[in-house]
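Just so we're on the same page, our numbering is the position in the sequence shown counted from 1, plus 347. Working notes, beginning with the structure itself.
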Amino acid sequence: ILTSGLLGEQYIGLDAGGGSVKLKANDRILITQDAVVLENLIGRFLYDKAQEGTPE
């Protein structure tokens, strides 16, 4: 899952693999990888930084 710009629309990005056979109409993608959502990483980073400044 990719984002267009910093806070833009999200879309699915596909990269060609090393195989010589190309997908045809109605073919299926069988091997996938989980997405890293940039917005979630930024949110987690900001939350962690805010917690560092909070006394226990």
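Ideal Cβ placement from N, Cα and C applies to all residues, glycine included. Given the structure is predicted, the values throughout are model-derived calculations rather than measurements.
Look at L353 here: in three-state DSSP terms it is coil, with no helix or strand label. Going by C-alpha positions, V384 is about 30 Å away from S367. In this structure, L349 lies near G360, with their beta-carbon atoms less than 8 Å apart.
Of Y394, L388 and G400, the smallest CA-CA separation from L353 is found for L388.
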